[in-house]
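In terms of our numbering, the sequence shown is residues 215 to 353. For every residue, glycine included, the Cβ atom is placed at its ideal position computed from N, Cα and C. Single-structure report; data block below.
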Amino acid sequence: MNLLSGIDITAGALNAQKTRLDIVAQNIANAQTTRTPNGGPYQRQVVSFEAALMRQSGGAGPGLQTVRVGTVTADRTPGQQVYNPQHPDADRDGLVTMPNVNLSYEMVDLITASRAYEANLSVAKNARTMAMKALEIGK
Numbered sequence: 215m216n217l218l219s220g221i222d223i224t225a226g227a228l229n230a231q232k233t234r235l236d237i238v239a240q241n242i243a244n245a246q247t248t249r250t251p252n253g254g255p256y257q258r259q260v261v262s263f264e265a266a267l268m269r270q271s272g273g274a275g276p277g278l279q280t281v282r283v284g285t286v287t288a289d290r291t292p293g294q295q296v297y298n299p300q301h302p303d304a305d306r307d308g309l310v311t312m313p314n315v316n317l318s319y320e321m322v323d324l325i326t327a328s329r330a331y332e333a334n335l336s337v338a339k340n341a342r343t344m345a346m347k348a349l350e351i352g353k
């Protein structure tokens with residue numbers, strides 16, 4: 215594996231974790247949104263990753279894999295119903311269906327994605343350092 219392939223693999227992982235961070239931030243921002251343009255409360259979004267085979271120049275050796283975002287889907291878990299008859303989205307019984315966003319879960323996802331992003335960024339920095347050292351050796 216050459217150095218550039220390693221950086222490409224890490225770049226794919228960085229992009230995937232950035233998307234995950236964006237989706238988690240969107241979930242947190244809409245944790246109290248009871249009415250969307252589609253009607254009904256906001257549905258939590260979930261990111262699924264998949265392995266992606268990278269093209270290798272020359273075609274020799276095993277293929278390299280990176281990670282990418284496979285799908286972003288809505289979590290169909292029903293939201294909690296809260297009694298609030300003054301709310302504009304309350305039904306005739308005074309119940310409001312809240313989004314199915316659990317802030318504790320979102321914070322765990324946020325920390326996990328952030329740490330994974332930092333780890334991949336560290337790999338990219340180390341690859342750059344190794345490339346610089348290799349250039350110094352060649353002088």
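Given this structure, state the Cα-to-Cα distance separating residue i from residue j, to the nearest angstrom.
{"i": "Met215", "j": "Glu350", "result": "For Met215, the predicted model reports a pLDDT of 47, less than 50, meaning its position is unreliable; a value from the coordinates is still stated below. So the alpha carbons of these two residues sit roughly 20 angstroms apart."}
{"i": "Gln259", "j": "Ala243", "result": "12 angstroms"}
{"i": "Asn334", "j": "Gln231", "result": "9 angstroms"}
{"i": "Asp305", "j": "Arg329", "result": "42 angstroms"}
Here's the rule I'm using: 16 or more other beta-carbon atoms within 10 Å means buried, otherwise exposed. How should residue i be labelled?
{"i": "Asn340", "result": "exposed"}
{"i": "Met321", "result": "exposed"}
{"i": "Thr250", "result": "exposed"}
{"i": "Pro292", "result": "exposed"}
{"i": "Ala327", "result": "buried"}
{"i": "Ile237", "result": "buried"}
{"i": "Thr285", "result": "exposed"}
In three-state DSSP terms, what is residue i?
{"i": "Lys347", "result": "helix"}
Original post:
Which runs of the beta strand (DSSP E) fall wholly inside the stretch 227 to 311 and span at least 3 residues, in chain order?
Top reply: 259 to 268, 278 to 288, 295 to 297 and 309 to 311
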